[in-house]
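Quick note: the sequence shown uses this note's numbering, first residue 471, plus one each step. Glycine included, every Cβ here is placed at the ideal spot set by N, Cα and C. Heads up: the structure comes next, in structure tokens.
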Amino acid sequence: MNWFTGFVLYVMIWWTMLFAVLPFWTRPVTDDAQVSGGWRGAPERPLLLRKFLVTTLLATVIWGGSIMLITSQYLSFRSGIFYLPD
């Protein structure tokens with residue numbers, strides 16, 4: 471795997487993790503005039519920096535595990551559990 475493939479894999483994992491982390495620590499607006507029918511607009515405190523840091527941490531851990539799994543010989547078609555003898 472070259473550096474470009476690793477970078478694209480990281481961006482895909484990071485983007486997926488971002489959408490998984492965005493709902494965490496979200497509170498609705500507490501003003502009763504704005505809440506009459508449910509959530510209206512953005513939350514009071516979106517905490518985006520915290521969410522970006524958590525996303526980056528999770529994506530880095532998952533990416534590292536993915537790289538280790540992809541480059542290992544365990545899941546190889548040439549040798550390992552998926553090897554089919556002639």
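Euclidean distance between Cα positions of residue i and residue j
{"i": "Trp473", "j": "Tyr480", "result": "10 Å"}
{"i": "Arg497", "j": "Lys521", "result": "14 Å"}
{"i": "Ile537", "j": "Gln543", "result": "12 Å"}
{"i": "Ala512", "j": "Pro493", "result": "12 Å"}
{"i": "Gly476", "j": "Ile483", "result": "11 Å"}
{"i": "Thr541", "j": "Met471", "result": "8 Å"}
{"i": "Ile532", "j": "Leu545", "result": "17 Å"}
{"i": "Phe489", "j": "Ala529", "result": "12 Å"}
{"i": "Arg515", "j": "Tyr553", "result": "52 Å"}
Which listed residue (the options) has its alpha carbon closest to that of residue i
{"i": "Met487", "options": "Leu519, Leu527, Glu514", "result": "Leu527"}
{"i": "Leu518", "options": "Val491, Ser546, Trp533, Ile483", "result": "Val491"}
Range covered by the alpha helix (DSSP H) that runs through residue i
{"i": "Ala490", "result": "473-491"}
Chain B contact for residue i (CB, 9 Å cutoff)
{"i": "Leu492", "result": "The chain labelled as chain B is not found in the depicted structure, where only one protein chain is given."}
Cβ-based neighbour list, residue i, same chain, cut-off 8 Å, excluding 5 preceding and 5 following
{"i": "Val524", "result": "Val491, Phe494"}
Same chain, Cβ closer than 7 Å to residue i, five either side skipped, listed in chain order
{"i": "Leu539", "result": "Leu545"}
{"i": "Thr478", "result": "A small fix is needed here, since residue 478 is Val in this sequence, not Thr. Excluding residues within five positions, none has a Cβ falling inside 7 Å."}
Beta-carbon proximity list for residue i, same chain, < 6 Å, skipping 5 on both sides
{"i": "Ser549", "result": "Gln543"}
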